[in-house]
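This report concerns only the one structure given below.
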Amino acid sequence: MLGLSAGGQVAGLLSTRFNEKSYKPQDENDTVSCKPDFTLMIYPWRLIDVKTNQLSNAFTFSDQLPPLFLVHAHNDSNSSLNSILFYSAAKKRGIETELHIYQTGGHGNGLRHVENSSYSTWPDRAEDWLQHQNLLDK
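Here it is, written out as structure tokens:
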């Protein structure tokens, strides 16, 4: 699973709450696990409570989370604490996790080049991580 910004928040929710059922199963498709094999969260938005700067209670961490890869920029208007605290909570549970905080890069750049920044190298770091996790065929 890959999520950027608000999609990163959704990826975090799905990665931490995949066992929770929100409706009664309708057919056999609803019995299939929705647990991602891995999750890439790129500058995830609103993982923390902005008043307390603590990780939101919406995320329920267990030792069953999928491997996680997080990217953020220090100068993102959406605080890098979002990724840092999510990373920390996953590591405390023993989840395979990697975090990259770039000095510059801002928010919302996706795959675009960011002038005077190495931020746009995150896809290469993600590929390295996916290979290290044996999640890519080469």
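According to our numbering, the sequence shown is numbered sequentially starting from 10. We put the beta carbon where it would ideally sit given N, CA and C, even for glycine. All of these numbers come straight from a predicted model, not from anything done at the bench.
With DSSP as the reference, label residue 81 as helix, strand or coil. Looking at residue 81 - three-state DSSP - the assignment turns out to be strand.
Below 7 Å CB to CB, which residues in the same chain sit around residue 64 once its five sequence neighbours on both sides are set aside? If we look at residue 64 and ignore the five residues flanking it on each side, its Cβ neighbours are 56, 57, 94, 95 and 98.
What's the gap between the Cα of residue 31 and the Cα of residue 15? 20 Å
Can you tell me whether residue 32 is helix, strand or coil according to DSSP? Note: residue 32 maps to coil in three-state DSSP.
Where does residue 51 fall in DSSP's three states? strand
Spatially closest choice to residue 91 from 69, 45, 79 and 139, by CA coordinates: 79
Buried or exposed for residue 53, please, with buried defined as at least 16 other CB atoms from any protein chain shown within 10 angstroms of its CB. Buried, by the Cβ-count rule.
Cβ neighbours of residue 85 in the same chain (closer than 8 Å, five flanking residues each side left out): 52, 114, 115 and 116
Rounded straight-line distance, which links the Cα of residue 13 to that of residue 77: Computed Cα separation, rounded: 13 Å.
Proximal residues to residue 23 (C-beta, below 7 Å), its chain only, five neighbours per side dropped: Same-chain partners within the cutoff: 10, 43 and 45.
Is residue 39 helix, strand or coil when you go by DSSP? helix
Ordered list of alpha helix (DSSP H) runs contained in the segment 53-125, each at least 4 residues: You should have 90-101.
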